[in-house]
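Using this note's numbering, read the sequence shown as starting at 660 and increasing by one per residue.
Using N, Cα and C, we set each Cβ at its ideal position, and we do this for glycine too.
Below is one structure, written out as C-alpha cells; the observations come after it.
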Amino acid sequence: MSAQSPKLKEVFVAEKLSVSESPLVDTPPPVLSDAPTVCPSIEHSHGSTPDPASGPEATLNIYPSGYALWLIIAALISSIFLISLDMTIVATAIPSITGEFGGIQDQAWYGSVFFMTAGGFQSTWGKTYRYFPLKLSYLTAIFIFEVGSLICGVAPNSVALIIGRAIAGVGAAGVGCGSYSIITFIAEPKKRASYTGLLGAIFGVGSVLGPLLGGVFSGTISWRWCFYINLPIGVIPVGIIVFFFNAPENAKPHEASFTEKLLQMDPLGTTLMMAIIISYLTGVNYGGQSYPWSSSVVIGLLVGVGVIGIAFVLCEWWQGERAIVIPRLFRRREIGLSAVFSILQAGGFFSMIYYLPIYFQAIRGSSPIISGVQNLPYILSAMAGALGGGIFISATGQSTLLMIIGNAFGILGCGLCYTFDVDTSIGKWIGYEIIAGFGLGASLQIPVIVGQVSVGPADLSSATAIMLCFQTLGGAFWVAASQAVLVNKLLLILPATAPTIDSRLVLAAGAGQLRDVFNEEDLPGILLAYLEGIKATFILSTTVVAAALVVALFLPWRKLDLEAVKNAGAA
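As C-alpha cells, then:
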C-alpha cells in the first residue's frame, strides 16, 4: 500500500528517530544460538572507512501500534518459524526420502545445500534491503522460499529435491534478514530488544520442532509435507505485510547507480563462495562412492576448492568494504578466530542433529516419529545450554572461558555417543545426548556476542554477519563430511560383516528401510556395518569440536564489556 487510510493512521504513532538509531546504520541483529541470517550494514563506498555520523540529523519514523503492530509481529513470527523449521525438519525425514529415491548417496545434499545458500546469500540480501525497497524485497524473499518449498514437495527425484532446497535456502536468507530489519522499523527503541528476543525464541522453537514434525509427517502422511507445510503458513506474512506494513521514510533505498548497486552485491565474491562449497560437496559426495578417492574427478574437485578459495580471498581483499567478508574486520583477532571457531563448532552441532535420528531409525528400528522424540534430549539441552551461556556471559563477561568449558562438555558428550551400540540403554543415550547438547549449545552463540562487542556501532551488523555466515556454512561443510565418512566406513566394513550382500543394495535401501529390504539372517551384519559408519560421524563431530576448543585457546582472555553484551540487539 502506498498510502495509509485514515483508520490505519489512527493506530500509528509518530516518533523522531535519529540516523544513529536507523536499523540500516547501526542496529545490531539479535544474538541467537543458530540463527541463519543477518543483515549487514553497507553504508560506505569501496575502500572507505565506516562513518556512523553520516546522513541527515533526523528523520520522522512512524511506529505502528495496536492491532497493526501485532499483526506485523505475527507475520514476522510465522516467517522466522518457517525458516528455522526448514533447517532441521529433514533430519528425521532423510531415511524416508532415501527410501523413496533409492539410496543414501545424495542425502548429505538435502541438509547441506540449504545451509550453503542460506549462509552464502546473507550479505547479498543485506545489501538488497539497503539498495532496494524493503517491502518489495521482503515479499520477494518469501516468494523465493515458497517456490523452493514447492519444488521440494513435488520433487520426482533426488536432483529436483536438492535444487528446491537450494532455492529455499536463498529465500530463507532474505526472509531472516528482512524480518530482523522490519522489527527494527516497527519497534520503538526501548522495546526493540524485547521483540528481537521474541523472534529468537521462535527460532529456537522452530529448530526444536523441526525433527519432531519431520518424523510425524514422514511416519503418517508423507515426507513431502515437510515442505508443503510452508505453503499455507507462508501466505500469512505475505497478506499482512502487503496490507499493514508501510516502510518508513528512513527505510528508503539508498540512491546509487545501477552499476554501484550491482558492485555492492559482490556478485564475484558470492559466485566464488558458491563455487567453493559446490566443489567441496560434490567432491566428498563422489569420493569412495561414485569414484575412488584417488580418481582425477575427486582430486580435481578438492584441489579446485583450494584454488577457488585463494581466488575468493584475493577477491574479498580487492573488494574492501563491498566484500561479503570485509577484510578489515576479519583481520581482527577476536573476529577472525571466532569465525573459525564458529565454522567448526556449528559443524559438530548440526552433524549430531542430522545423524542421531539416522542411528535411531537404522540401528534401533525406530519410526520417524519416535526418532524425532529420541532426538529431543539433544535439542532441548542445547537450548538450555544457550540460555545458560547467555546468563553466564551477562554475569561474568568471560567468553573465552565459556567457549572452552562448553566445548569440553561437547567433546565428552559426542565422544560418549561413539559408544552407542545396537542395544544401548535409554538412560545412557539420553544422558550422552544431554551432555553433548548442553555443551555445544552453551558455546554456539558466543562468537556472535564476541563479534558484536568487539567493533564499533557502524560495524555491528557486518561483524555479526561474518559470524552467522561462517556458522551456517559450517553446517554445510561438516554435514556433508559426515555423510562421506558414514558411507565410506560402511563400504569398508560391510564385506567383513555381511560378505554375501552387495553393498550397492545397502546404499540403495535407505537407512529407514533396512528391515524391510533384508532378511533376518543378513540384517545383523548390515546393522553392524551401518553402526560403525554412524559412530564414525560421531568421531568426526568430536574431532571438529575439539579443534574449535584449540582455536578458543588463542582468543583474548580479556573480559567483555558487560553493558555492550546486555545491549546487544537493542537500539
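Are the stretch 897–913 and the stretch 789–804 touching by the rule of at least three beta carbon pairs closer than 8 Å?
-> They touch, by the three-pair rule.
Might you give, ordered along the chain, the residues of its own chain that have their beta carbon closer than 7 Å to the beta carbon of residue 981, omitting 5 neighbours on each side?
-> Correct list, in chain order: 705, 922, 923 and 925.
Return the chain-ordered ranges of every alpha helix (DSSP H) run that is complete within the stretch 1035–1079 and spans a minimum of 4 residues.
-> Counting whole runs of 4 or more residues, the stretch 1035–1079 contains the alpha helix (DSSP H) stretches 1035–1055 and 1058–1076.
Could you give the C-beta distance for residue 858 and residue 736, rounded to a whole number, given that I count them as a contact under 8 Å?
-> Between residue 858 and residue 736 the beta-carbon gap is near 7 Å, inside 8 Å, which marks them as a contact.
Cβ of residue 1099 within 8 Å of Cβ of residue 1008?
-> A contact, by the Cβ cut-off of 8 Å.
Helix or strand or just coil, what does DSSP make of residue 1192?
-> In the structure shown, residue 1192 sits in a helix (DSSP, three-state: H, G or I).
Quick one: give me the first and last residue of the alpha helix (DSSP H) that residue 980 is part of.
-> Looking at the DSSP string, residue 980 is not in any alpha helix (DSSP H), and its letter there is neither H nor E.
Taking the C-alpha atoms as reference points, what is the distance between residue 1128 and residue 1108?
-> Cα to Cα, the separation comes out at about 14 Å.
Would you list the residues sitting across from residue 946 in a DSSP beta bridge?
-> Paired residues: 950.
Starting from the C-beta of residue 751, find all residues in its chain whose C-beta is less than 6 Å away, skip the five residues before and the five after it, and write them out in chain order.
-> Taken in chain order, the residues that qualify are 870, 873, 874, 1016, 1027, 1030 and 1031.
What residue ranges within the stretch 915–944 form continuous alpha helix (DSSP H) runs of no fewer than 4 residues, ordered along the chain?
-> List check, alpha helix (DSSP H) in window: 917–923.
Evaluate the contact criterion for the stretch 722–742 versus the stretch 891–898: three or more CB pairs, one atom per stretch, below 8 Å.
-> The answer is yes - the stretch 891–898 touches the stretch 722–742, with three or more Cβ pairs under 8 Å.
DSSP state of residue 1214, grouped into three classes?
-> Coil at residue 1214, not helix or strand.
Using three-state DSSP, classify residue 707 as helix, strand or coil.
-> Any reading at residue 707 must be qualified, since the residue scores a pLDDT of 41, below 50, and its modelled position is unreliable; the value itself is stated next. Residue 707 carries a coil assignment under DSSP once its states are collapsed to helix, strand and coil.
Counting pairs of Cβ atoms below 8 Å between the stretch 1190–1209 and the stretch 1067–1083, do you hit three or more?
-> Put simply, the stretch 1190–1209 touches the stretch 1067–1083. At least three CB pairs are less than 8 Å apart.
Keeping to the same chain, check which residues put their C-beta closer than 6 Å to that of residue 939; ignore five residues upstream and five downstream.
-> Correct list, in chain order: 964.
Contact set for residue 878: own chain, Cβ-Cβ below 7 Å, skip 5 residues either direction | Excluding sequence neighbours, residue 878 sits near 1026, 1027 and 1028.
Going by other Cβ atoms of all chains shown within 10 Å of its Cβ, with 16 needed for buried, is residue 1210 buried or exposed?
-> Around the beta carbon of residue 1210, 16 or more other beta carbons lie within 10 angstroms, which makes this residue buried.
Which whole-angstrom value is the C-beta distance of residue 1088 and residue 1097, which I expect to be below 8 Å?
-> Beta-carbon to beta-carbon, residue 1088 and residue 1097 are separated by about 15 Å, too far to satisfy the 8 Å threshold.
Would you check if the distance between the CB atom of residue 832 and the CB atom of residue 780 is smaller than 8 Å?
-> Their beta carbons are under 8 Å apart, which means residue 832 touches residue 780 by this criterion.
Tell me whether residue 1154 is buried or exposed, calling it buried when 16 or more other Cβ atoms sit within 10 Å of its Cβ.
-> For residue 1154, the number of other beta carbons within 10 angstroms of its own is below 16, and it is reported as exposed.
Mind the definition here: the stretch 804–821 touches the stretch 777–794 only if three or more C-beta pairs lie below 8 Å; say whether that holds.
-> Contact fails: fewer than three Cβ-Cβ distances are below 8 Å.
DSSP on residue 748, reduced to helix/strand/coil?
-> The answer is coil: DSSP assigns residue 748 none of H, G, I, E or B.
Rounded straight-line distance, which links the Cα of residue 1054 to that of residue 841 | Each residue's alpha carbon lies about 30 Å from the other.
Just the Cα atoms here: how many angstroms apart are residue 1122 and residue 958?
-> A straight line joining the alpha-carbon of residue 1122 with that of residue 958 spans about 34 Å.
Are residue 915 and residue 790 close, meaning C-beta to C-beta below 8 Å?
-> Yes, these two residues count as a Cβ contact at 8 Å.
In chain order, what residues of the same chain lie with their CB nearer than 6 Å to the CB of residue 696, ignoring the 5 residues before and after it?
-> Caution is warranted here: a pLDDT of 41 is assigned to residue 696, below 50, making its placement in the model unreliable, and no coordinate value can be reported.
Below 7 Å CB to CB, which residues in the same chain sit around residue 854 once its five sequence neighbours on both sides are set aside?
-> Contacts found: 732, 842 and 846.
Euclidean distance between Cα positions of residue 821 and residue 725 = Taking the Cα positions, residue 821 is about 42 Å away from residue 725.
Expressed to the nearest angstrom, what Euclidean distance is found between the alpha-carbon atoms of residue 628 and residue 1168?
-> Any property of residue 628 remains undetermined from this structure, which presents the chain solely from 660 to 1230.
Helix, strand or coil for residue 780 per DSSP?
-> Residue state, collapsed to three classes: coil.
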